[in-house]
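Residue numbers (the UniProt record's numbering), protein chains in the order written: chain A, 1 to 334; chain B, 1 to 334. Glycine included, every Cβ here is placed at the ideal spot set by N, Cα and C. It should be emphasised that the depicted structure is a prediction, and the values quoted were computed from it without experimental measurement.
There are 2 protein chains.
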Amino acid sequence: MKKLINNPNHVVEEMIDGYAKAHPQHVRVLSENSRSIVTARETADGKVGVLIGGGSGHEPAFMGYVGPGMADGVAVGNIFASPPPDPILEATKAIDKGAGVIYVYGNYAGDLMNFGMAAELAELEADIQVGKVIVTDDVASAPKEEKEKRRGIAGEFFVTKVAGAASEKGYSLEDVVRVANKANDQTRTMGVGLSPCSLPQTGKPSFELEENEMEIGLGHHGEPGIEKGDLQPADQVADRLVHDILADMPLGEGEKVAVLVNGLGSTTKMELYIVFRRVEQILNEKGIQIHRSFVGDYSTSLEMGGCSVTLIKLDDELTEFVDAPADCPMYVQR
Amino acid sequence: MKKLINNPNHVVEEMIDGYAKAHPQHVRVLSENSRSIVTARETADGKVGVLIGGGSGHEPAFMGYVGPGMADGVAVGNIFASPPPDPILEATKAIDKGAGVIYVYGNYAGDLMNFGMAAELAELEADIQVGKVIVTDDVASAPKEEKEKRRGIAGEFFVTKVAGAASEKGYSLEDVVRVANKANDQTRTMGVGLSPCSLPQTGKPSFELEENEMEIGLGHHGEPGIEKGDLQPADQVADRLVHDILADMPLGEGEKVAVLVNGLGSTTKMELYIVFRRVEQILNEKGIQIHRSFVGDYSTSLEMGGCSVTLIKLDDELTEFVDAPADCPMYVQR
């Protein structure tokens, strides 16, 4: 697949360089570590720091979500690879304002190891208290009884947003961790893949699908899904995704959710709105109230084709944080 | 190419339906015409109405740009096809607040005819004064001496933003038209195509390129560009695009611009930021000041691969409007 890049080994550095130069009012790269990006504003003393991160290639996640209302810092890994402990640690030191730092990241082996190690070092070296919230929203990646084994995908947007808004409100580290964990507990995602992406360094597709095939439950790095089959009309795909979510997290009449229909990279907004249309019909028929909707590219896999549907079940506390404003280079909410 | 759709003949209707249901706080579809979408807010008496529109398939343009700070209404055509006069006329009537309505649209035969006809009908039938601003930012589509023959592409974002902000400020129709025309006069875009899109109804690619080919100056509907050749590294592509823009609109040291690096659909944010990085280097070397940067999908061609670079030369008046806030379903600025 053709890409607008220079040296494939330098794509992440050049992306970060361009990003920092495009948004100097919003973000800055730490001189201590070129993979640590933090908010350009001076955050208030006593504000819990919110740190996110993971592999590159998911833009706007994670790099694009630094700013008021979302994260204070991000550690940027190579494509589809966890950032090492160093940039996590340096970003932690930079954003700590005496009230501790929460890490929000997906449930992947590399991230667990590296964020875990950075947390230990932050406490040992710099006496910074760290809370860890591991996102596990991908219904397809493990059975219901083992939610803690599930991968984190598009639902990380909601967990980051909730943590960011709670920290802006002045919540303590303990409370930011509590509410971020609640957000994760009440978030479910189901995705479908239509076409692969290719890694800049290899040019090889990340997985194989036949010309008229789709794959339900495919992971954000091409991890195998739960079912391959003929491509279905959008309404049937949406039916399947929502069905699997509701089987996992039953929602009754009058309950309230926010909906995220997320594009994986090359799927058009036209298609995403067609999928959303059916999601809304289903929820409406069941009397489930949609409080707010998000439709677009929130967590991609390079130029992968497909989408995911995420539901977060809202109580009053989560509603407030989902509604809170945000001002990041790749996500703004008024 | 695989698409998440239902009946290919219903994609635009279903997209509009999903869009209206996703953003009821922002927009509503007129009962008089299902292709007319207007802002959900009550705009102030005496505010000049801003109406945009064009073919579908360019999302977030044009549908996504309805809201405070941008347009008050949009007329939605079929894929890559101008909306007929009717939805334009109905939207005009709905958004007129006694101060007239400005139409901002691209320089295409169908749009010229249909917006022109709607403007006449609005004046005849409803006594609404209409100003027309035709966007002609695509450097590749006609020579310098014939700017008025050029097509409108990503630069429509800036012209719409300037018109929207000027109308919010209370400018008269004459002044909104003046400043929108100034924005168009000072805006230039050059694009590059890497891979085609396919229309839902035919499934056929919109143009042909060899596996390692790119095309400079390709239009937003697959109109032929000015040069086909081997795919170059991103820096050389950026060099070429910026060179052609500056040859057309010379910018001296100390002059101020806003930059838009726009993705055509399937090109990743990673690539767009790599392109932006080089654009910034070039402008920086020349002492041209970047006041604000926009990087992302602002005007697409379904899932086409490639990008465009747009520069708008800023004076104080345009700077104010480029910086003004906006709150649309697909574009928010704080």
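Whole-angstrom C-beta distance between residue j and residue i, which should lie under 8 Å
i                     : j                 : result
Ala-183 (chain B)     : Phe-158 (chain B) : 6 Å
Ser-56 (chain B)      : Met-270 (chain A) : 7 Å
residue 342 (chain A) : Ala-140 (chain A) : Outside the shown range of chain A, which is 1 to 334, sits residue 342 (chain A), and nothing can be said about it.
Ala-44 (chain B)      : Lys-161 (chain B) : With a Cβ gap of about 19 Å, Ala-44 (chain B) and Lys-161 (chain B) do not count as contacting.
Lys-3 (chain B)       : Pro-200 (chain B) : 6 Å
Lys-234 (chain A)     : Ile-5 (chain B)   : The displayed chain sequence assigns Ala, not Lys, to residue 234 (chain A). Correct: roughly 5 Å between the Cβ atoms.
Gly-263 (chain A)     : Gly-219 (chain A) : About 16 Å separates the two Cβ atoms, so there is no contact after all.
Asp-239 (chain A)     : Arg-278 (chain A) : 7 Å
Val-192 (chain A)     : Gly-306 (chain A) : 5 Å
Glu-125 (chain A)     : Thr-136 (chain A) : The Cβ separation is near 29 Å, so there is no contact.
Minimum Cβ-Cβ distance from residue i to chain A less than 8 Å
i                     : result
Met-270 (chain B)     : yes
Ala-154 (chain B)     : no
Gly-305 (chain B)     : yes
Ile-128 (chain B)     : no
residue 345 (chain B) : In the structure as shown, chain B starts at 1 and stops at 334, and residue 345 (chain B) therefore has no counterpart that could be examined.
Leu-124 (chain B)     : no
residue 340 (chain B) : Missing from the structure shown is residue 340 (chain B); chain B here goes from 1 to 334 and no further.
His-221 (chain B)     : no
Asp-17 (chain B)      : yes
His-26 (chain B)      : no
Pro-233 (chain B)     : yes
Asp-327 (chain B)     : yes
Val-11 (chain B)      : yes
Ser-293 (chain B)     : yes
residue 383 (chain B) : It is not possible to answer for residue 383 (chain B), since the shown part of chain B is limited to 1 through 334.
Lys-256 (chain B)     : no
Pair within 8 Å by beta-carbon distance, residue i and residue j
i                 : j                 : result
Val-237 (chain A) : Val-275 (chain A) : yes
Gln-186 (chain A) : Ile-290 (chain A) : no
Ala-99 (chain B)  : Val-48 (chain B)  : yes
Leu-51 (chain A)  : Tyr-103 (chain A) : yes
Gly-77 (chain A)  : Gly-106 (chain A) : no
Glu-223 (chain B) : Pro-68 (chain B)  : no
Phe-62 (chain A)  : Ala-166 (chain A) : no
Tyr-273 (chain A) : Ala-22 (chain B)  : yes
Lys-97 (chain A)  : Gly-46 (chain A)  : yes
Glu-280 (chain A) : Cys-197 (chain A) : no
Gly-164 (chain B) : Met-70 (chain B)  : yes
Val-27 (chain A)  : Gly-53 (chain A)  : no
Phe-207 (chain A) : Val-259 (chain A) : no
Phe-115 (chain A) : Ile-88 (chain A)  : yes
Val-133 (chain A) : Asn-181 (chain A) : yes
Endpoints, the beta strand (DSSP E) within which residue i is located
i                 : result
Ser-195 (chain B) : 187-195
Thr-310 (chain B) : 305-313
Ser-36 (chain B)  : 36-39
Met-214 (chain A) : 213-216
Glu-227 (chain B) : 227-230
Ser-31 (chain B)  : Element bounds for Ser-31 (chain B): n/a, residue is neither H nor E.
Gly-265 (chain B) : That residue, Gly-265 (chain B), is in no beta strand (DSSP E); it is neither H nor E in DSSP.
Gln-129 (chain A) : Segment: none, Gln-129 (chain A) is in no beta strand (DSSP E) and carries neither H nor E.
Asp-327 (chain B) : 326-328
Tyr-273 (chain A) : No beta strand (DSSP E) holds Tyr-273 (chain A); the alpha helix (DSSP H) holding it covers 269-285.
Delimiting residues of the alpha helix (DSSP H) encompassing residue i
i                     : result
Ala-243 (chain A)     : The residue asked about is misnamed: residue 243 (chain A) is His in this sequence, not Ala. Counting along the chain, the alpha helix (DSSP H) containing His-243 (chain A) begins and ends at 234-248.
Arg-292 (chain B)     : Taken as a continuous stretch (DSSP letters only), Arg-292 (chain B) belongs to no alpha helix (DSSP H), being part of the beta strand (DSSP E) at 289-296.
Gln-333 (chain B)     : Here Gln-333 (chain B) belongs to no alpha helix (DSSP H); instead the beta strand (DSSP E) covers 331-333.
Gly-164 (chain A)     : 156-168
residue 381 (chain B) : There is simply no residue 381 (chain B) to check, as chain B begins at 1 and stops at 334 in what is shown.
Ala-75 (chain A)      : Note, Ala-75 (chain A): premise wrong, no alpha helix (DSSP H); beta strand (DSSP E) at 73-79.
Leu-51 (chain B)      : Premise fails: Leu-51 (chain B) lies in the beta strand (DSSP E), 49-56, not in any alpha helix (DSSP H).
Min CB distance residue i to chain B below 8 Å
i                     : result
Glu-59 (chain A)      : yes
Gln-333 (chain A)     : yes
Glu-206 (chain A)     : Going by the sequence as given, residue 206 (chain A) is Ser instead of Glu. Answer no: the Cβ-Cβ gap between Ser-206 (chain A) and chain B never drops below 8 Å.
Lys-149 (chain A)     : no
Ser-167 (chain A)     : no
Gly-225 (chain A)     : no
Pro-8 (chain A)       : no
residue 335 (chain A) : Look at the range of chain A in this structure, 1 to 334, and you will see that residue 335 (chain A) is not part of it.
Ile-5 (chain A)       : yes
Lys-182 (chain A)     : no
Val-76 (chain A)      : no
Gln-23 (chain A)      : According to the sequence provided, residue 23 (chain A) is His. The question's Gln does not apply to it. Interface residue, yes.
Ser-34 (chain A)      : no
Open item on the list: Any C-beta of chain E within less than 7 Å: which residues of the region 259-288 of chain B qualify?
Closed with: The structure shown contains no chain E; the protein chains it does contain are A and B.
Open item on the list: Under 8 Å, with one C-beta from each stretch per pair, do the region 91-98 of chain A and the region 27-39 of chain A reach the 3-pair mark?
Closed with: With a cut-off of 8 Å on Cβ pairs, the region 91-98 of chain A is in contact with the region 27-39 of chain A, counting three or more such pairs.
Open item on the list: Would the region 240-260 of chain B count as touching the region 299-317 of chain B if we require 3 or more Cβ pairs under 8 Å?
Closed with: yes
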